[in-house]
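Everything below concerns the one structure shown next.
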Amino acid sequence: MEQKIALELKNITKSFGSVVANKNVSLQVRKGEILSILGENGSGKTTLMNMVSGIYYPDSGQMFIDGQEVEIASPKDAFNYKIGMIHQHFKLVDVFSAAENIVLGLEDEKGFDLPAYVEKIKEITEQYGFELDPYKKIYEMSVSEKQTVEIIKVLFRGADILILDEPTAVLTPQETLKLFAVLRNMRESGKAIIIITHKLHEVLSLSDSVAVLRKGEYIGTVKTAETNESQLTEMMVGKKISLNIERSEPVNCSDRIVVDKISCVNREGIKVLDDVSFTARSGEILGIAGIAGSGQRELLESIAGLQHLTSGEVLYHDPKTGKEERLRDKTPLEIRQMGVRLAFVPEDRLGMGLVGNMDIVDNMMLRSYKKGKSVFLQRKAPKSLADEIIDRLEVVTPSANTPVRRLSGGNVQKILVGREIASSPTVLMAAYPVRGLDINSSYTIYNLLNEQKQKGVAVIFVGEDLDVLLELCDRILVIGGGKIAGTVDGRTATKEEIGLLMTKTGHGDISDERGVNTNE
Amino acid sequence: MNNLLTMLSPSALHIAKRDDIVWWKAWIIRIVSVVFALIVCGVITIALTKLNPVKMYMTMIEGAVGTPRLVWNLLQNTAILLCISLAVTPAFKMRFWNIGAEGQVLVGGLATATCMIFLGESLPTPLLILVMAITSIAAGALWGLVPAYFKTRFNSNETLFTLMMNYIAIQIVAYFTLEWSVHKGSGTPRTLEFGQLPMLFGQKYLINILIVIVLTVIMYIYLKYSKQGYEISVVGESENTAKYIGINVKKVVLRTMAISGAICGIAGFLLVAGTDHSLKSETAGGRGFTAIMVSWLAKFNPVFMIVTSLLIVFLEKGASKISEVYRLNPSFSDIITGIIIFFIIGSEFFINYTVKINKTSKEGSK
Chain A
1 MEQKIALELK
11 NITKSFGSVV
21 ANKNVSLQVR
31 KGEILSILGE
41 NGSGKTTLMN
51 MVSGIYYPDS
61 GQMFIDGQEV
71 EIASPKDAFN
81 YKIGMIHQHF
91 KLVDVFSAAE
101 NIVLGLEDEK
111 GFDLPAYVEK
121 IKEITEQYGF
131 ELDPYKKIYE
141 MSVSEKQTVE
151 IIKVLFRGAD
161 ILILDEPTAV
171 LTPQETLKLF
181 AVLRNMRESG
191 KAIIIITHKL
201 HEVLSLSDSV
211 AVLRKGEYIG
221 TVKTAETNES
231 QLTEMMVGKK
241 ISLNIERSEP
251 VNCSDRIVVD
261 KISCVNREGI
271 KVLDDVSFTA
281 RSGEILGIAG
291 IAGSGQRELL
301 ESIAGLQHLT
311 SGEVLYHDPK
321 TGKEERLRDK
331 TPLEIRQMGV
341 RLAFVPEDRL
351 GMGLVGNMDI
361 VDNMMLRSYK
371 KGKSVFLQRK
381 APKSLADEII
391 DRLEVVTPSA
401 NTPVRRLSGG
411 NVQKILVGRE
421 IASSPTVLMA
431 AYPVRGLDIN
441 SSYTIYNLLN
451 EQKQKGVAVI
461 FVGEDLDVLL
471 ELCDRILVIG
481 GGKIAGTVDG
491 RTATKEEIGL
501 LMTKTGHGDI
511 SDERGVNTNE
Chain B
1 MNNLLTMLSP
11 SALHIAKRDD
21 IVWWKAWIIR
31 IVSVVFALIV
41 CGVITIALTK
51 LNPVKMYMTM
61 IEGAVGTPRL
71 VWNLLQNTAI
81 LLCISLAVTP
91 AFKMRFWNIG
101 AEGQVLVGGL
111 ATATCMIFLG
121 ESLPTPLLIL
131 VMAITSIAAG
141 ALWGLVPAYF
151 KTRFNSNETL
161 FTLMMNYIAI
171 QIVAYFTLEW
181 SVHKGSGTPR
191 TLEFGQLPML
201 FGQKYLINIL
211 IVIVLTVIMY
221 IYLKYSKQGY
231 EISVVGESEN
241 TAKYIGINVK
251 KVVLRTMAIS
261 GAICGIAGFL
271 LVAGTDHSLK
281 SETAGGRGFT
291 AIMVSWLAKF
301 NPVFMIVTSL
311 LIVFLEKGAS
321 KISEVYRLNP
331 SFSDIITGII
341 IFFIIGSEFF
351 INYTVKINKT
361 SKEGSK
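As they're listed, the protein sequences go chains A and B. The first sequence begins at 1 in our numbering and counts up by one. The second sequence begins at 1 in our numbering and counts up by one.
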C-alpha cells in the first residue's frame with residue numbers, strides 16, 4: 001500500500017557563515033510512517049528539522065506539505081501546517097501543571113476552560129497509550145514524564161507531522177520501550193513521524209525508513225527492512241570501519257594512585273563521594289562506569305586537587321623515587337610542583353580544560369606558561385607543540401592561531417588530549433572523552449589512551465558507553481550514588497552485570513542528565 | 001506564489017552570523033556608520049533648530065581643534081580619559097566589574113593634594129613630586145583593593161561595592177574641599193602652588209600626555225606578553241580553567257584590582273598636579289564611567305583606546321561648543337553625541353552579523 005506523502009523537502013541548503021550545515025538535502029516522509037534521520041554529531045540533522053519547524057529559514061530549496069509548496073518562516077507557520085517538534089531540551093514552565101503547560105499560549109476565543117482541555121488531553125492519552133496525570137506539576141515530574149507533556153502539547157495542537165530530536169537520549173531503556181510503543185500507535189493512526197538520532201539499534205527497531213546525513217549532505221534513504229548495521233555505519237561515516245579496539249595485556253603493573261576511603265560533600269552539603277577506595281595501576285586502563293552524576297566527576301577532581309575532601313587519603317607512588325606522596329589538600333599547582341605528572345581531561349572541555357576564546361597556542365601554554373623566571377610569556381615552545389599536535393592528531397583548523405571555540409567538538413578534544421599527554425604523564429584521567437565526537441575521532445581517542453597504557457601510564461577512563469568500557473578497559477569500577485558498587489574484570493564481565501551494579505546502590509542523579517546509555 | 005508577496009513577507013530578510021571579517025572591511029563599516037550618524041544628526045538639527053548642519057559641524061570641529069590652545073586641551077583631556085580607561089581595562093578583562101574608577105581617581109587626587117599642602121613648603125620640588133606620585137598610587141590601589149578583598153573573602157558583588165566606594169570618595173573630597181578652600185568653608189578651591197608638574201617645551205600639558213603614552217605602551221605589553229596578563233585573561237574567560245591549571249584566583253583578583261586602582265591613582269595625580277592645580281569633588285568629572293565605554297569600544301586593546309578616547313573627547317568638546325555658539329540647550333549637544341555613539345556601537349552589529357536577502361522559493365526551483 002502506498003501512503004500519501006506528508007512532507008517533502010527538495011534541495012534544502014542552509015549555511016552559517018562559511019559552514020554549510022545542510023547542502024541540497026531532499027527527503028520525504030509519508031503518512032503513517034516513521035522516518036529516522038541518522039547522522040553523526042554535527043551532520044546537520046537538527047538544523048534541517050529546525051527549518052521544517054520554522055526556527056531557521058533555509059537559504060534555498062523548497063518544502064511541500066501534502067503536495068503543496070509552502071513557506072515556513074516562523075514556528076507559527078509550522079504550527080499552521082500541523083508540524084510539531086519536540087526538542088531535546090524541554091520548554092516547560094516548572095510551576096505549572098501538565099495541562100496548563102499543554103494549553104499555554106493557545107488562543108481560544110471561547111475563553112479558558114481548563115476542565116474541557118483536561119478532557120481532551122485525556123482523550124489523547126488514551127488514544128495513544130500515554131501515561132500522564134494532567135494535574136501534576138512539572139517540577140514533580142521525571143524526565144520521561146516531561147517528554148510526554150511535550151509530545152501531548154504538540155498533539156493537542158493537532159500536529160500531523162511530529163519531529164522528535166534525540167528523544168531517547170534522556171530515557172532509561174524501559175522508558176525508551178514505552179515511548180516506542182506510543183510512537184507506533186501514532187503511526188497506526190496515520191501520523192507522519194520523524195525521529196532524529198545517531199543510535200543505530202533504535203533506527204533498526206523502530207523506523208520504517210532511514211535518511212542518512214553526513215557532514216550536511218544527504219546520502220540517501222533506505223528501507224529499514226532492507227538494511228543492516230554495517231551498511232548504515234558506512235553511509236554515516238563514509239567508509240567501512242571496523243569497530244574494534246585492540247586491547248593489549250597489561251604489563252609491569254604496579255600501584256600508582258591509591259585512593260583510600262575518601263568522602264566529600266557538594267555545595268548543598270550532600271555527600272557526593274562516600275568512603276571510596278580503589279587503586280589505579282600503571283600500564284592498565286581502569287574504567288569507571290555509573291549513571292551520570294553518581295560522583296565520577298568529583299572522584300577525578302579529588303585526585304586532581306580540585307575537591308576538598310572531608311576524609312580519606314589520595315596517595316601517589318612515584319615510579320622514579322619509589323616514594324609515596326600525599327595528594328590530599330594540595331592544589332593542582334602544588335601537585336605539579338611535587339613532580340607528580342598528572343594529566344586530566346575534564347568533562348567540561350571548553351569550560352575547564354581549555355579557554356574557548358584563546359587560540360590553540362595560548363591553550364597549549366595553560367599547563368606550562370609559568371615555566372622560566374621571565375615575567376614575559378614564551379610562545380615558541382607552545383607554538384611548536386601546537387603544530388605538532390595539529391599534525392600528529394590530524395586536527396582540522398585554519399591555523400594554530402584560531403580560537404579553539406571555532407573548532408568542532410572532535411578537534412577541540414584532540415587539542416585537549418594532545419596537550420595533556422604531551423607532558424608525558426604517569427597518570428592520565430579522562431572524563432567522557434568521546435562525548436559528542438564522531439566515530440572516527442572517538443577511535444582516535446581510544447587509540448591514544450591505549451598508547452599511553454602501553455607506555456606504562458596509569459589510565460583512568462570515565463565512560464558512559466558500556467560496550468566501549470568493556471572493550472577498552474582492563475578493570476571496571478562501578479560507582480553508584482557516590483559509593484563503589486563493585487569492580488569487575490573488563491575481559492570477562494557482561495553489560496548486564498555492570499548494569500545491575502550501577503543501579504544497586506540506587507539514587508544516581510538522572511533527573512537532569514542523560515541516563516544510562518547501555519546500548520549506545 | 002506571488003513574487004511580490006514573498007518579497008514583502010517577514011522572511012524576505014534574515015540575519016546570519018558572519019565569520020571573521022577582514023579588518024579593512026570592518027573599518028569601512030565603521031566609517032560608513034559615522035557618515036550615517038552625521039546625516040541623521042544633520043536631519044535632526046534641521047528639524048529641531050533650523051540650523052545649517054554643515055555649518056554646525058564646522059563649529060563643532062572648530063570648538064574641538066580650532067586653536068592651538070584647544071588642541072592642547074583636547075589632547076590633555078584625551079590623555080586623562082585614556083589613562084583611566086587603561087586602569088579599568090585589566091579589571092574588565094578579568095570580568096571584575098570595576099565601576100569605581102571615579103572614586104579611585106579622586107582618592108589619588110586627594111593624596112596628591114594632601115602632599116602638596118602639607119609637604120609643599122618643606123620638600124624640594126622633585127622629591128615632593130615623587131612622594132605625591134607614590135602616595136596617589138598607593139591611595140588608588142588601596143581604594144581598588146577594598147572591594148577586591150571583600151569579593152575574594154565573602155564573594156560580595158563588586159559592581160555595587162565599587163559603585164558605592166565612589167560616593168564615599170566623593171564625600172571625603174567634598175569635605176576637604178571645604179576645609180581647604182580659599183576662605184575656609186567658602187567652597188572656592190585653593191590653588192595648590194607647590195609640587196605642580198613642570199612645563200615641557202613651554203607646554204603645560206605635555207608631561208601628562210607623555211606619561212599616559214608610556215602607560216599605554218606598558219599596559220599593551222603587560223596584557224599581551226606578560227605571564228600576569230595571561231593569568232588575567234584565563235581568570236576572566238573561565239574561573240574553572242584557572243583553578244584547573246592551578247592559578248590562585250584570589251591572588252590574581254587582588255593583584256589586578258590593585259593595579260587598576262593604582263593607575264586610577266596616577267590619573268588623579270595628573271589631574272591635580274598637572275592639570276587643575278586644585279582639588280574639587282568634580283575633579284574626576286564622570287570620566288570614571290566614560291572610561292568604561294572607551295575600554296569596551298576598543299575591545300580592551302590599549303592601542304585602540306587611543307582612538308576611542310580621542311573620539312569621545314572630540315565629540316564632547318565639539319558638542320559643547322555648538323550649544324555655546326548657537327545658544328542651544330545643552331541637551332541638544334547631548335543628543336548629537338548620543339546619536340553618533342549609538343551609530344558607532346551599532347556598527348559592531350553589522351561587523352558580527354550580515355543581513356541576507358532571501359531568494360524567493362521560485363528562484364530556487366528554476
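Here a beta-carbon is modelled for each residue, glycine too, at the ideal position from N, C-alpha and C. These numbers come from a predicted model, not from an experiment.
To the nearest angstrom, how far is the alpha carbon of B:Leu-86 from that of B:Met-219? 7 Å
Can you tell me which of the three DSSP states B:Phe-201 falls into? coil
- request: Compute the Euclidean distance between the alpha carbons of A:Phe-461 and A:Lys-453, then round it to the nearest angstrom.
  value: 11 Å
Query raised in the report: Using a beta-carbon distance below 9 Å, is A:Phe-79 in contact with chain B?
Result: no
Requested in this report: Find the nearest neighbour of B:Trp-296 within the set B:Val-34, B:Asn-98, B:Val-71, B:Ile-339, judged by alpha-carbon distance.
Outcome: B:Asn-98
What does the alpha-carbon distance come out to for the pair B:Pro-198 and B:Ile-266? 16 Å
| With 16 other Cβ atoms within 10 Å as the buried cut-off, status of A:Gly-515 | Caution applies to A:Gly-515, whose pLDDT of 38 falls short of 50 and renders its modelled position unreliable; the model cannot decide the point.
| query | If we cut at 9 Å on Cβ distances, does B:Pro-10 have a partner in chain A? | reply | Any answer about B:Pro-10 is weak, because its pLDDT of 49 lies below 50 and its placement is not dependable; what the coordinates show is given next. Closer than 9 Å to some Cβ of chain A, the Cβ of B:Pro-10 qualifies, so yes.
Q. Based on the DSSP output, what are the partners of A:His-317 in its beta bridges?
A. A:Glu-324
| message | Extract the residue ranges of the alpha helix (DSSP H) inside the segment 19-98 of chain B, only unbroken runs of 4 or more that lie entirely within it. | response | 23-49, 53-65, 68-93
Requested in this report: Identify, in the order they occur along the chain, each residue of the same chain with its Cβ nearer than 7 Å to the Cβ of A:Ser-423, setting aside the five sequence neighbours on each side.
Outcome: Arg-341, Ala-343, Arg-367
Practice prompt. Run through the segment 284-322 of chain B for me and flag every whole alpha helix (DSSP H) of 4 or more residues, listed as ranges in chain order.
Written response: 287-297
Notebook entry, point to check: Any Cβ of chain A within less than 9 Å of the Cβ of B:Thr-216?
Noted result: no
What number of angstroms, rounded off, separates the C-alpha of B:Gly-140 from the C-alpha of B:Pro-189? 22 Å
Practice problem: Grab the span of the beta strand (DSSP E) containing A:Ser-36 for me, first residue to last. | Solution: 33-38
inquiry  = Do B:Met-305 and B:Thr-45 count as a contact pair if the criterion is CB distance below 9 Å?
reply    = no
Which residues, in chain order, does the segment 340-370 of chain A contribute to contact with chain B at a C-beta distance below 9 Å? Phe-344, Pro-346, Asp-348, Leu-350, Gly-351, Met-352, Gly-353, Leu-354, Val-355, Gly-356, Asn-357, Met-358, Asp-362, Met-365, Leu-366, Arg-367, Tyr-369, Lys-370
Going along the segment 26-59 of chain A in order, which residues come within less than 9 Å of chain B, judged by CB to CB distance?
Tyr-56, Tyr-57, Pro-58, Asp-59
Original post:
Is the shortest distance between the beta-carbon of A:Ala-304 and the beta-carbons of chain B less than 9 Å?
Top reply: yes
Counting only beta-carbon separations shorter than 9 Å, does A:Ile-335 have a partner in chain B?
yes
**Beta-carbon neighbours of B:Asn-240, restricted to chain A and to distances below 8 Å** = Asp-348, Gly-351, Met-352
task = Identify whether A:Met-63 lies in helix, strand or coil by the three-state DSSP scheme.
result = strand
Could you please give me the residues that DSSP links to A:Glu-217 through a beta bridge?
A:Lys-23, A:Arg-214
Practice prompt. Output yes if chain B places a C-beta closer than 9 Å to the C-beta of A:Pro-134; else output no.
Written response: no
Taking A:Leu-92 and A:Lys-146 to be in contact with their CB atoms under 8 Å, please state how far apart those CB atoms are, rounded to whole angstroms. 6 Å
Quiz item: Looking at B:Gly-274 and B:Gln-196, is the spacing between their C-beta atoms short of 9 Å?
Solution: yes
Do A:Asp-275 and A:Ser-263 have their C-beta atoms closer together than 9 Å?
yes
So, is the C-beta of B:Thr-6 closer than 9 Å to a C-beta in chain A? Its pLDDT being 42, under 50, B:Thr-6 is placed unreliably in this model, and the value from its coordinates should be taken loosely. Cβ-Cβ to chain A under 9 Å: yes for B:Thr-6.
Item to check | Cβ-Cβ separation, A:Met-352 to B:Ser-238 (assumed contact under 8 Å), whole Å | outcome: 7 Å
Reduced DSSP secondary structure (H/G/I, E/B, other) of B:Thr-191: coil
Checklist line | Beta-carbon neighbours of B:Tyr-230, restricted to chain A and to distances below 8 Å | finding: Asp-362, Met-365, Tyr-369, Leu-377
- Query: Is there at least one Cβ from chain B nearer than 9 Å to A:Pro-332's Cβ?
  - Reply: yes
Original post:
Which residue from A:Ile-194, A:Gln-296, A:Lys-10, A:Ser-142 puts its Cα closest to that of A:Glu-166?
Top reply: A:Ile-194
Worksheet entry | Amino acids of chain A, ordered along the chain, whose beta-carbon sits closer than 7 Å to that of B:Gly-246 | Thr-331, Pro-332, Leu-333, Arg-336
Inter-residue CB distance, B:Pro-53 and B:Gly-42 (contact presumed, cutoff 8 Å): 3 Å
Using a cut-off of 9 Å between C-beta atoms, extract the partners of B:Glu-237 located in chain A. Val-355, Gly-356, Asn-357, Met-358
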